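In our numbering, the protein residues as written are 1040 to 1395. C-beta atoms are modelled at their ideal positions from N, C-alpha and C, and glycine is treated no differently. Keep in mind it's a predicted model, so treat the numbers as computed, not measured. See below for the structure under consideration.
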């Protein structure tokens, strides 16, 4: 099932609205368009149909005589398309001391709040990786999620958010906003957040536990308590921790054995760009960052929510042919897997829950 995503790069209408403009001339409309295009590239595929309110510096959308510019047209278009989500991307502006990222949703919209949380969590998660793992100086403030009365999030008929990436008026924020690396980072965070918003239905791959002993124990708990939601949450977290270990050990803890090493040409190529040595499947941490636990009253799931629609998660799990003409053979490197010890850990979760 394809979901329709409507991306709105803020400003840039034919009336000459370029949004906030930094002291060096950097324009909000240009930054938001670049992030939006990167986001579109990440999302476009079998899982998503992506639409944009504009795809160039300015557009030909009609300007309404209500001091709202082309906002009504943007909203009307998204509503007529019956989009599943509306994501408006902006840059902030205020006094030079103000800094950081924040996301707005319409008051009373539980789904808008859920989407805002999912995206912000991904921004903060990827930021943590950049700061702690890669040594990047990207420690910008988290301004949280907030309700707002912006036209594009109050007049849309689907869950909608307005993202204020960073401040063009803050020297540190501006420096980040001007880099391609940061724009790609933010697009990736939004894409992953959208994938996690849709949760289980958008997972490319999941772990399924078929151990009969666990099923019997779960049946006992259900007979006693009825609602398994708290237990499913614990089990999903245990499985999530297991997958993290699989990445850290490069599959060495699994029955299938340690992952096959990278081919020499791949190592040489990465060495040239300063990305070798490094753990397999973790150079950019995109796949690892997509691993997500999810649960309901009857299920606990851990899977990859990569929203790219390219089969990237699956081909590394199972192996196969990739590249132009399918000429490159990718060996199977299973990361969504459990060993016997992991199964026992899940049984322990159930036992502890029964004791409570």
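Between residue 1303 and residue 1236, is the Cβ-Cβ spacing less than 8 Å?
-> Your numbering for residue 1303 matches position 264 in the chain shown. Your numbering for residue 1236 matches position 197 in the chain shown. No; because the gap between Cβ atoms is not below 8 Å, this pair is not in contact.
Please work out which residues of its chain come closer than 7 Å, Cβ to Cβ, to residue 1384, disregarding the five sequence neighbours upstream and downstream, and give them in chain order.
-> The residue labelled residue 1384 in the question sits at position 345 within the chain shown. Cβ neighbours of residue 1384 beyond the five flanking positions: 1277.
Pick out whichever of 1319, 1061 and 1143 has its Cα sitting closest to the Cα of residue 1299.
-> The residue labelled residue 1299 in the question sits at position 260 within the chain shown. When each option's Cα is compared against that of residue 1299, the closest is 1319.
Could you say which of 1283, 1124 and 1070 lies nearest to residue 1234 if we only look at CA atoms?
-> Translated into the one-based positions of the chain shown, residue 1234 becomes position 195. Here the closest residue by C-alpha is 1124.
Give the single residue among 1218, 1126, 1120 and 1332 whose Cα lies nearest to the Cα of residue 1193.
-> Within the chain shown, numbered from 1, the residue matching residue 1193 stands at position 154. Of the listed residues, the one whose Cα sits closest to residue 1193 is 1126.
Nearest to residue 1201 by CA position, among 1377, 1076 and 1151, is which residue?
-> Residue numbering aside, residue 1201 sits at position 162 when the chain shown is read from its first letter. Nearest of 1377, 1076 and 1151 to residue 1201, Cα basis: 1151.
Could you tell me whether the segment 1250–1260 touches the segment 1378–1393, where touching means 3 or more Cβ pairs closer than 8 Å?
-> yes
Please go through the same chain and pick out, in chain order, the residues whose beta-carbon is closer than 8 Å to the beta-carbon of residue 1139, but skip the five residues on each side of it.
-> Walking along the chain shown from the start, residue 1139 turns up at place 100. Around residue 1139: 1179, 1180, 1181, 1182, 1205, 1206 and 1212.
Cβ of residue 1327 within 7 Å of any heavy atom in the ligand GDP?
-> Among the components of this structure there are no ligands whatsoever, and the ligand GDP is therefore not found.
Measure the C-alpha to C-alpha separation of residue 1115 and residue 1087 and round it to an integer number of angstroms.
-> Residue mapping note: residue 1115 aligns to position 76 of the chain shown, counting from 1. Residue mapping note: residue 1087 aligns to position 48 of the chain shown, counting from 1. For residue 1115 and residue 1087, the distance between alpha carbons rounds to 20 Å.
Taking the CB atoms as reference points, tell me whether residue 1122 and residue 1090 lie closer together than 8 Å.
-> Here residue 1122 refers to the residue found at position 83 when the chain shown is read from its first residue. Here residue 1090 refers to the residue found at position 51 when the chain shown is read from its first residue. Against a cut-off of 8 Å, the Cβ pair of residue 1090 and residue 1122 comes out as a contact.
Can you give, in chain order, each stretch of the alpha helix (DSSP H) that sits fully within the segment 1307–1390 and has at least 4 residues?
-> 1325–1328 and 1351–1357
Residue 1251 - DSSP class collapsed to helix/strand/coil = By one-based count along the chain shown, residue 1251 stands at place 212. Residue state, collapsed to three classes: helix.
What is the C-beta distance between residue 1222 and residue 1077, in whole angstroms, given that I count them as a contact (C-beta under 8 Å)?
-> Residue numbering aside, residue 1222 sits at position 183 when the chain shown is read from its first letter. Residue numbering aside, residue 1077 sits at position 38 when the chain shown is read from its first letter. Correct: roughly 6 Å between the Cβ atoms.
Inspect the beta-carbon positions of residue 1227 and residue 1159 and report whether they are closer than 8 Å.
-> For the purposes of this step, residue 1227 is identified with residue 188 of the chain shown, where counting begins at 1. For the purposes of this step, residue 1159 is identified with residue 120 of the chain shown, where counting begins at 1. Cβ distance not < 8 Å, so residue 1227 and residue 1159 don't count as in contact.
Work out the CA separation of residue 1284 and residue 1066 for me, nearest whole Å.
-> Translated into positions along the chain shown, residue 1066 becomes position 27. Translated into positions along the chain shown, residue 1284 becomes position 245. Taking the straight line joining both Cα atoms gives about 43 Å.
Residue interval of the beta strand (DSSP E) (run including residue 1209) | For the purposes of this step, residue 1209 is taken as the residue at position 170 of the chain shown. It is not in any beta strand (DSSP E) - residue 1209 carries neither H nor E in the DSSP assignment.
Relative to the alpha-carbon of residue 1287, which residue among 1273, 1263, 1324 and 1198 has its alpha-carbon at the smallest distance?
-> Locating residue 1287 in the chain shown gives position 248, where the first residue counts as 1. Among 1273, 1263, 1324 and 1198, the Cα nearest to that of residue 1287 is on 1324.
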